[in-house]
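Worksheet: the structure to be examined is printed underneath.
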Amino acid sequence: MKLFINRDLSSSSEDFVFFDESGGERYATRRLGSNKIVGIKICGASGKTEAQIRRFAFGSANIFVLKARGARVTLAVVPSKNGAYSNFYGVNWHVCGNIATKNFSVIDVDKSVVFSHTRRSKYCELEIADEKNEIFCVAAAVCVNLINTVENRGLMPA
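Quick look at the structure:
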């Protein structure tokens with residue numbers, strides 16, 4: 022399944038909108054909280070909350086706790102001179118590629134691709150291989166797209 026991620030600058034509460042190949046909205050994010058600890062809800066097209074993300078910033082490191090369907094996954098991202106080190110905890114996934122440039126794949130322990138994230142000029146593309154992990158793939162994509170973004174909407178380019 023392929024989804025497309027757009028940054029929504031028009032609303033004060035929505036940050037990202039996910040569309041499918043036919044252009045239908047699949048998910049939208051809603052931000053809650055302050056800059057140090059950010060809470061994000063991922064809502065389906067019906068408006069129902071599908072997942073929650075908590076973002077903790079420790080210096081230059083970002084820790085994301087993803088909760089959905091009674092399960093929890095943690096993503097830790099630490100920037101370095103060669104991109105960023107990233108680890109998933111709670112699942113047997115690892116990142117292959119450069120998460121800092123937003124061009125990477127997430128690989129399972131059996132070496133199968135869980136999802137691929139590709140940055141395009143005006144959007145990001147998310148190719149999900151297994152639909153049972155769809156909501157965690159969407160949540161991880163939100164986390165990655167929050168890294169190196171401007172938090173103050175007044176400072177964002179038009």
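So the sequence shown is residues 22 to 179, counted in the numbering used here. Ideal Cβ placement from N, Cα and C applies to all residues, glycine included.
Separation of residue j from residue i, as counted between CA atoms
i, j, result
"A82", "V99", "4 Å"
"K88", "Q73", "5 Å"
"F109", "G60", "19 Å"
"L24", "L147", "5 Å"
"A160", "G80", "22 Å"
"R47", "M22", "12 Å"
"C164", "V135", "16 Å"
"A162", "R52", "15 Å"
"G68", "S31", "18 Å"
"N43", "H138", "Asn is not the amino acid found at residue 43; the sequence shown has Ser there. Rounded to whole angstroms, S43 to H138 spans 19 Å at the Cα level."
"I84", "G45", "31 Å"
"T95", "R76", "10 Å"
"R28", "I168", "13 Å"
"S126", "V38", "20 Å"
"N119", "S101", "11 Å"
"N166", "E152", "21 Å"
"G104", "A121", "5 Å"
Those residues which DSSP pairs with residue i across a bridge
i, result
"S101", "G104"
"N83", "A78 and V98"
"C117", "S126"
"K88", "Q73 and R93"
"F37", "R28"
"V134", "I128"
"I149", "F136"
Coil, strand or helix - residue i by DSSP
i, result
"L167", "helix"
"A66", "coil"
"K143", "coil"
"E42", "coil"
"N27", "strand"
"V59", "strand"
"V10", "Outside the modelled stretch of the chain, which goes from 22 to 179, sits residue 10, for which no answer is possible."
"A162", "helix"
CB of residue i within 7 Å of CB of residue j, strictly
i, j, result
"R140", "N124", "yes"
"I156", "E71", "yes"
"A49", "C64", "yes"
"G111", "R93", "yes"
"W114", "D129", "yes"
CB contact below 7 Å: residue i versus chain C
i, result
"S107", "Absent from the structure: chain C. Only one protein chain is present."
Nearest-angstrom Cβ-Cβ length linking residue i and residue j, presumed shorter than 8 Å
i, j, result
"Y106", "I26", "Not confirmed; about 23 Å, so no contact."
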